[in-house]
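Structure, as structure tokens:
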Amino acid sequence: MATIKDIAQLAGVSPATVSRVLNYDEKLSVGLETKQKIFEAAEHLNYTKHHKNQASEKQTIKLIQWYDTQEELEDLYYLSIRLGIEKKAEEANIRLIKETWDAISDQPADGTIALGKFDDEQLNELKRTQENLLLVDSDGTTFGVDSLVVDFESSLRLVMAHFVQEEVKQVVMLAGKEYTKQQRTRVTDPRTAIFQKLISEEKHLSGRIIEADFSVEAGYQAVRHFLSQEKNLPDALFAANDALAIGALKAIKEAGLMIPQDISVIGFNDISVAKYVSPPLSSVKVYTEWMGELAVETLLQLIHTTAPVARKITIATELVLRESTKTGHE
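Whatever position you read off the sequence shown (first residue = 1), add 3 for my numbering.
Right under this line is the structure:
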């Protein structure tokens, strides 16, 4: 595991600055560029490199992102996938054109990766204007678009099985609220329905859902409010991403509760920051940078091979236990 000192050296800042940024210290005043250097350095140093191969001919692919730099730093999930796409493109001698939804150019490309959440109107436009289109983190197979998504049901089964093992009786899900850019359409997170389904299957486990935007501050405020209003505290909290979970850790500690003795906490994505917060966060690990690599490899297949139907590739996950859960603490 990379240390704070390693990250500081790569980012060109002090270890103290790195520690405060990775722990989302709101009292620290640093610029967006410095934060980006630190988070990208953490991702680079905690990334396991996979096989490398060189393309025999120069290809051009377009990456359309729904997040800007500021939003990426609020949710490192997309930053990590982007880094994987960039690395694989460089290794495969591919020219990568990076654009946002608000500024899509008419530059020609052999194929396009659209990273993020898109509404029906956006999907129709992407399908009409982009040749050899692949969606990453959206399921567009009903539109005939190839898609790369995370296996949410298996992921939540891992989480719930762990809580049952910890003899948890009541669990709260901190779900994320998300909206598409153009129409501001609410994005349905399948994990909410899966959570409710799994709770109904467990006789000795009850659960409820609270919501917040996908950010550290929103997670903190939501859990802070919940704990101030709730008399019967839950034994565990599952957050839909690590940013929400980190906010929850802060709120739980501020309420004078012990983690994991009073409340166990599990996040989702296992971003590089998860292991540096206090206590280190248990999380569902999504191999995001590899997911970015796989997106490039899949798009190259689309460019060179015509398939009869759209395909959906589902990415498996694993549960990484650290000190924010009882088993990880022991």
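By construction, the Cβ of each residue, glycine as well, lies at the ideal position given by its N, Cα and C atoms.
Does residue i come out as helix, strand or coil in the three-state DSSP assignment?
i: Lys288; result: strand
i: Lys278; result: helix
i: Arg98; result: strand
i: Ile213; result: strand
i: Glu205; result: coil
i: Gln186; result: coil
i: Leu138; result: strand
i: Thr103; result: strand
i: Gln224; result: helix
i: Gly87; result: helix
i: Ala254; result: helix
i: Gln57; result: Residue confidence is low: Gln57 scores 46 on pLDDT, short of 50, so the model does not pin down where it sits. No coordinate-derived value is stated.
i: Ile262; result: coil
i: Leu236; result: coil
i: Val21; result: helix
i: Gly143; result: coil
i: Met3; result: Given that the chain is displayed from residue 4 to residue 333, the structure contains no residue 3 and the question cannot be resolved.
i: Gln168; result: helix
i: Gln366; result: The displayed coordinates of the chain run from 4 to 333. Any statement about residue 366 would go beyond what the structure contains.
i: Thr330; result: helix
i: Pro193; result: helix
i: Ser108; result: coil
i: Glu181; result: coil
i: Ala298; result: helix
i: Ser218; result: coil
i: Val162; result: helix
i: Ala310; result: coil
Return the CA-CA distance between residue i and residue j, expressed in angstroms with no decimal places.
i: Arg131; j: Ala117; result: 13 Å
i: Ser286; j: Ile249; result: 11 Å
i: Gln173; j: Leu230; result: 14 Å
i: Gln62; j: Ala19; result: 42 Å
i: Ile262; j: Val268; result: 7 Å
i: Phe217; j: Val33; result: 21 Å
i: Gln57; j: Gln39; result: Low per-residue confidence applies at Gln57: pLDDT is 46, beneath 50, and the placement is therefore not dependable enough to give any value.
i: Gly147; j: Ala313; result: 5 Å
i: Pro237; j: Ile318; result: 30 Å
i: Gln199; j: Arg160; result: 12 Å
i: Ile67; j: Phe121; result: 11 Å
i: Asn2; j: Leu305; result: With the chain covering only 4 through 333, there is no way to say anything about residue 2.
i: Pro282; j: Arg23; result: 14 Å
i: Ala254; j: Arg98; result: 44 Å
i: Ile316; j: Gly259; result: 43 Å
i: Ala176; j: Asp28; result: According to the sequence provided, residue 176 is Met. The question's Ala does not apply to it. So the two alpha carbons sit approximately 24 Å from each other.
i: Glu94; j: Val299; result: 11 Å
i: Thr320; j: Phe155; result: 9 Å
i: Met294; j: Ala112; result: 21 Å
i: Gly179; j: Glu214; result: 6 Å
i: Ala5; j: Thr309; result: 42 Å
i: Glu257; j: Gly119; result: 33 Å
i: Leu48; j: Thr291; result: 14 Å
i: Ala13; j: Ala44; result: It is Leu, not Ala, that sits at residue 13 in the sequence shown. Roughly 6 Å separates the two Cα atoms.
i: Glu36; j: Gly222; result: 24 Å
i: Thr144; j: Val152; result: 11 Å
i: Gln125; j: Leu25; result: 34 Å
i: Val162; j: Tyr182; result: 25 Å
i: Leu302; j: Asn272; result: 23 Å
i: Lys55; j: Lys91; result: The predicted position of Lys55 is uncertain, since its pLDDT is 46 and thus under 50; a value taken from the coordinates is nonetheless stated next. Whole-angstrom Cα-Cα distance: 8 Å.
From what residue to what residue does the alpha helix (DSSP H) around residue i run?
i: Thr115; result: Taken as a continuous stretch (DSSP letters only), Thr115 belongs to no alpha helix (DSSP H), being part of the beta strand (DSSP E) at 114 to 118.
i: Asn26; result: Asn26 -> no alpha helix (DSSP H), and no H or E assigned at all.
i: Leu76; result: 72 to 77
i: Glu46; result: 35 to 48
i: Asp123; result: 123 to 132
i: Ala11; result: 7 to 14
From the DSSP output, which residues share a beta bridge with residue i?
i: Phe241; result: Met176, Ile269
i: Glu321; result: Lys288
Over the uninterrupted beta strand (DSSP E) stretch that includes residue i, give me the two end residues.
i: Thr63; result: 62 to 68
i: Ile318; result: 315 to 318
i: Ser150; result: 149 to 153
Quick check: is the beta carbon of residue i nearer than 8 Å to any beta carbon in chain B?
i: Thr183; result: Protein chain content of the structure displayed is limited to a single chain, and chain B is not contained in it.
With a threshold of 7 Å (Cβ to nearest heavy atom), would residue i be considered close to the ligand NAD?
i: Val174; result: What this structure holds is no ligand at all, so the ligand NAD is not there to describe.
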